[in-house]
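Each position in the sequence shown, counted from 1, maps to that position plus 39 in my numbering. We treat Cβ as the ideally placed atom computed from N, Cα and C, and that holds for glycine.
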Amino acid sequence: MTIDATIPPGKHKSTDSIKSTGSILNDPKVRGLIYQGITLLLLVLLVYWVTTNTIENLRRANIASGYGFLNGRAGFDVGQSLIAFTSDSTYGRALVVGFLNTILVAITGIITATIIGFLVGIGRLSKNWLIAKLSMVYVEVFRNIPPLLVIFFWYSGVLAVLPQPRESVALPLDMYINNRGLAFPRPVFDSGAQFTFYALVIAVIASIVFARHASKKQMETGKRLPVLWTVLGLVIGLPLLTFFATGMPITFDVPVAGKFNLTGGSVIGPEFLSLFLALSFYTASFIAEIVRAGIRGVSHGQSEAAHALGVRPGLTTRLVVVPQAMRIIIPPLTSQYLNLTKNSSLAIAIGYADLVAVGGTILNQTGQAVEIVSIWMIVYLTLSLSTSLFMNWFNAKMALVER
40 MTIDATIPPG KHKSTDSIKS TGSILNDPKV RGLIYQGITL LLLVLLVYWV TTNTIENLRR
100 ANIASGYGFL NGRAGFDVGQ SLIAFTSDST YGRALVVGFL NTILVAITGI ITATIIGFLV
160 GIGRLSKNWL IAKLSMVYVE VFRNIPPLLV IFFWYSGVLA VLPQPRESVA LPLDMYINNR
220 GLAFPRPVFD SGAQFTFYAL VIAVIASIVF ARHASKKQME TGKRLPVLWT VLGLVIGLPL
280 LTFFATGMPI TFDVPVAGKF NLTGGSVIGP EFLSLFLALS FYTASFIAEI VRAGIRGVSH
340 GQSEAAHALG VRPGLTTRLV VVPQAMRIII PPLTSQYLNL TKNSSLAIAI GYADLVAVGG
400 TILNQTGQAV EIVSIWMIVY LTLSLSTSLF MNWFNAKMAL VER
């Protein structure tokens, strides 16, 4: 007796569908799309929950959302401002003041930290025992201290113990320093002063053109033109000639030490000085290590070849080693610039009126927490992306061109 083991037609279809489903799920591309879809759905649900929860909390607190409050009267003063500001100005203008103060400390800090970092980084590789050890101590000390503590050190441990204004310490160029900051001559621009500024702009453009021409000529013929002295002659000489030719339209309001205080000039407050010095010296310690690593990354044979050709050690470092090390230095240098910019938000600890400090005051007065935080996020995100874009362009510019 034989048994018919034929599988019914419906069973064939069910088995085929299971096999096809299994083969689809085993496809890495399909699984990736499924996981991405689930992740996107969860993210949308999270954003929806946060949004509805925020709206409900604002409704319960009777706080109107929106940015209309920026047109309201600020009602407070700002210690240091690059533009005109009074207590009758708007909240929006106060945020602009804080933004400009943030930009000021970030740009000046980046420039100073870069200069100090390069000097200390090269100093760590010096054959002079004292210079190398001092550079090492500087790096190890500042790199292992929190930036907020460095800020407090400059603010409370250095600037706060300076003498009172009536006992101000005189510095060169008619400058004075005391526990209220640094006083310096303030330029006063008369009619015709703009021509001196125009001459400076023309001199800078001419210097860039000449430097490019000199570099191209050196690549073609090997002959070096006097770039440094030519650039200094243009940048310093042309504005000076214009200044005297137009009748010296720029004068200076010099600070004068009185019996109890200084009069005249301009003053940089201790808040900016301490923040600027702290961020510069702190970030410079990291930049120094980046520079040292970049120089170490250049083959020692490059220096030996330059010495064999009779090139002096200083020129070897400047013309042979450092240009090749820049391709190693620039990428991590970008991160330090971003860190310095974001660390400027610590200014609130010493009362410097940066974006976060001004925004915090506005938040306490208006209760517009969501709007203020969103402004902070947008501003710092824009600054970070702008810095990254510029450094990526500069990195591509400095990249070695292979033949």
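For this session: Could you pull the start and end residues of the beta strand (DSSP E) that residue 290 belongs to?
Result: 289-292
Problem set entry | N- and C-terminal bounds of the alpha helix (DSSP H) containing residue 142 | 130-163
Exercise. According to the Cβ coordinates, are residue 131 and residue 393 closer than 8 Å?
Worked result: no
Problem set entry | Exposure of residue 140, with buried meaning 16 or more beta-carbon neighbours within 10 Å | buried
Problem set entry | the segment 325-341 / the segment 152-163 touching (three or more Cβ pairs under 8 Å) | yes
Exercise. Do residue 208 and residue 217 have their CB atoms nearer than 8 Å?
Worked result: In this structure, residue 208 lies near residue 217, with their beta-carbon atoms less than 8 Å apart.
Exercise. Roughly how far, in whole angstroms, is the beta-carbon of residue 373 from the beta-carbon of residue 426, given that I think they are within contact range, below 8 Å?
Worked result: 7 Å
Problem set entry | Under 8 Å between C-beta atoms of residue 242 and residue 279 | no
Problem set entry | Rounded separation between residue 259 and residue 391 - CA only | 52 Å
Problem set entry | Complete runs of the beta strand (DSSP E) confined to the segment 171-239 [at least 3 residues] | 208-210, 214-217, 220-223, 225-228
For this session: Can you have a look at residue 340 and say buried or exposed, based on whether 16 or more other CB atoms are within 10 angstroms of its CB?
Result: By the neighbour-count definition (other C-beta atoms within 10 Å, threshold 16), residue 340 is an exposed residue.
For this session: Specify the secondary structure class of residue 305 as computed by DSSP and reduced to three states.
Result: strand
Exercise. Under 8 Å, do residue 307 and residue 221 count as touching if we go by C-beta distance?
Worked result: yes
Problem set entry | Exposure of residue 325, with buried meaning 16 or more beta-carbon neighbours within 10 Å | buried
Exercise. Looking at residue 144 and residue 397, is the spacing between their C-beta atoms short of 8 Å?
Worked result: no
Problem set entry | Beta-bridge pairing of residue 296 - partner residues as DSSP gives them | 301
For this session: Indicate whether residue 161 and residue 356 have their beta-carbon atoms separated by less than 8 Å.
Result: Cβ distance < 8 Å, so residue 161 and residue 356 count as in contact.
Exercise. How long is the line joining the alpha carbons of residue 266 and residue 423, rounded to whole angstroms?
Worked result: 34 Å
Exercise. Where do the N-terminal and C-terminal ends of the alpha helix (DSSP H) with residue 119 fall, by residue?
Worked result: Careful: residue 119 lies outside any alpha helix (DSSP H) and carries neither H nor E.
Exercise. For residue 112, which beta-bridge partners are listed by DSSP?
Worked result: 129
Problem set entry | Residue range of the alpha helix (DSSP H) that includes residue 124 | Premise fails: residue 124 is in no alpha helix (DSSP H) and is neither H nor E.
Exercise. Thinking C-beta only, is residue 300 closer than 8 Å to residue 224?
Worked result: Not a contact, by the Cβ cut-off of 8 Å.
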